[in-house]
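When we follow the working numbering, the leftmost residue of the sequence shown carries the number 808, and every step to the right adds one. Contents: one structure, followed by commentary.
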Amino acid sequence: MTTQAATVTEWKQRFDIDGFINFGRVLDARELEALGRRMDEICAGKVKAPRECIRIHQGMTWEQPDGTFRGDAVWQLLGLAKHDEVFLEICHKPLIRDVLETLLESPVSYWADQVVMKNARHGGEVPWHQDTSYWGQERRMTCWIAVDDATPFNGCMRMLPGSHRRGQMKFTPKQFEGAPCSLLETDEVSEDTQVYVPVRAGCASFHHPLTLHASSKNTTPDRRRGLAVTYMAV
Ligand SMILES: O=C(O)CCC(=O)C(=O)O
């Protein structure tokens, strides 16, 4: 695979050192447009999705008295590849699978997907965490696709390079503004060595499940949507 600037061996070396890579483009213009549109249709209640896939910002009401839906009240979309053909196609894209197989050094199968909406002006913080705090230590890996440009201003991810080699750290469930559930936070993270991982719309980063990462609130007028697709080694 030499589709991006670096060869597959170079990506793997970078990944082993840092615990993440900022890979570049994974969606073409048609796929990006279709994904963004489908998210909006689901958030606006125009395309139906199972209610359990839609998590609402705490303190906001999604279903309005006049029967319409307030799109920016959606905090997260979960597991849509099991219900929606647009999500299904993207989550099973061969390029994404190829990169994950290279990084995990194993055949992989789809496990989960989630959209973190980070709506304009009230998109919430995601605290420092390792994905293994949620899943345990299984061999899984996430591809995070930007649907809008993710920047240091609107809440792109921040990562601690090399933190995947520190093993599982302690974490505590905490309540964060806007989140409809508690989020797991790892304390004692020194941000001195953090790096911002800005990702252009249609591009993706990949991160190891032990890599410490976080993202800040979005206080800008531009939303920042991201689709995280997780695969497991089989
Ligand atoms: O989208 C975000 O800001 C955070 C996503 C995240 O933590 C993840 O994909 O593991």
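Even for Gly, the Cβ is constructed at its ideal location relative to N, Cα and C.
For S1022, the pairing in a beta bridge is given by DSSP as V933 and M964.
Inside the segment 814-849, DSSP marks whole beta strand (DSSP E) runs of 3 or more residues at positions 827-832, from first to last along the chain. In the DSSP annotation of this structure, the continuous segment of the alpha helix (DSSP H) that includes S940 starts and ends at T939 to W942.
Setting aside the 5 residues that flank it on each side, A1008 is surrounded in the same chain by L839, A953, V954, D955 and D956, each with a C-beta closer than 7 angstroms to its C-beta; the list follows chain order. Boundaries for D920: no alpha helix (DSSP H) harbours it, while the beta strand (DSSP E) harbouring it runs V915 to V923, taken from the DSSP string. Separation of the CB atoms of F876 and L887 is rounded to 16 angstroms, and the pair is thereby denied contact status at 8 angstroms. Annotation for C950: I903, A1011, F1013 and V1036 place their beta carbon closer than 6 angstroms to its own, counting only its chain and skipping 5 residues before and after. Straight-line spacing of the CA atoms in D847 and R1030 works out to 12 angstroms. Burial state of Q944 is exposed, judged by a 10 Å Cβ sphere holding fewer than 16 other Cβ atoms. Boundaries around V906 are those of the alpha helix (DSSP H), P901 to L911, since no beta strand (DSSP E) includes it. Listed in chain order, the non-local C-beta contacts of Q1001 below 6 angstroms within the same chain comprise R965 and L967, local neighbours out to five positions each way being set aside. Assignment of beta-bridge partners to K981 by DSSP yields L990. The alpha-carbon of W869 is positioned some 15 angstroms away from that of K925. Taking a C-beta distance under 9 angstroms as the contact criterion, L1034 and S970 do not qualify as a contact pair.
A residue is called buried when at least 16 other Cβ atoms come within 10 angstroms of its Cβ; A836 does not meet this threshold and is exposed.
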